[in-house]
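Engineer: Here's a structure for you.
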Amino acid sequence: MSTKRELLRDPQRGKIAGVCAGLSDYFNMELWLVRIIFVSAVLLTGGPLFVVAYIAAWFILDKKEPTTANNTSSAKHGDPLEVKFKVWQKGEPPRRALQDLKERLTRVDTRLQDMERHVTSSEFTVSREINKL
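Here the sequence shown stands for residues 2 to 134, where the numbers follow our numbering.
Set out below in structure tokens:
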């Protein structure tokens, strides 16, 4: 099951136009690393070439649709966690992902305890008996 990736610029996460943010999403890399690679390419090789390419990408690439929730709060909304296995990959570090999973399981456990408390209460039993009549 492959998902179709699209190269879009992300002005919400970007400093200038969001081209580096779009590249980081497309290649599943950390944003800071894409920026370092771009600045290094400008300084160490043909600077004007990369600047012109950046400006061209600014005008050519479509904008990514703005989202209301941050990527860091994806665990709170029930989205699957993306755990990174390498430093350069995009996603949550394993320690943070485990904390998020622990918080999720704690919330589920609390809800389950509340439901058990309600089902085993005498109020529920009386209500069920009345409904049977």
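All residues carry an ideal CB built from backbone N, CA and C; glycine is no exception. As the structure is a computational prediction, the values presented were derived from the model and not from experiment.
With a threshold of 16 other CB atoms inside 10 Å of the CB of S123, please say whether the residue is buried or exposed.
Structural biologist: Answer is exposed; the Cβ neighbour count stays below 16.
Engineer: If I measure Cβ to Cβ from L24 and keep anything under 7 Å in the same chain, skipping five residues before and after, which residues do I get?
Structural biologist: Cβ within range, chain order: V35.
Engineer: Is N72 helix, strand or coil when you go by DSSP?
Structural biologist: In this prediction, N72 scores a pLDDT of 48, lower than 50, which makes its location untrustworthy; no coordinate-derived value is stated.
Engineer: Please return the same chain residues whose Cβ sits closer than 8 Å to the Cβ of R10, not counting the five positions on each side in sequence.
Structural biologist: For R10, where only same-chain residues beyond five positions count, the Cβ hits under 8 Å are A18, G19, V20, A22, G23, A58, W59, L62, D63, K64, K65.
Engineer: If you check the beta carbons only, do L137 and R14 fall under 8 Å apart?
Structural biologist: Residue 137 is absent from the model: the chain starts at 2 and stops at 134.
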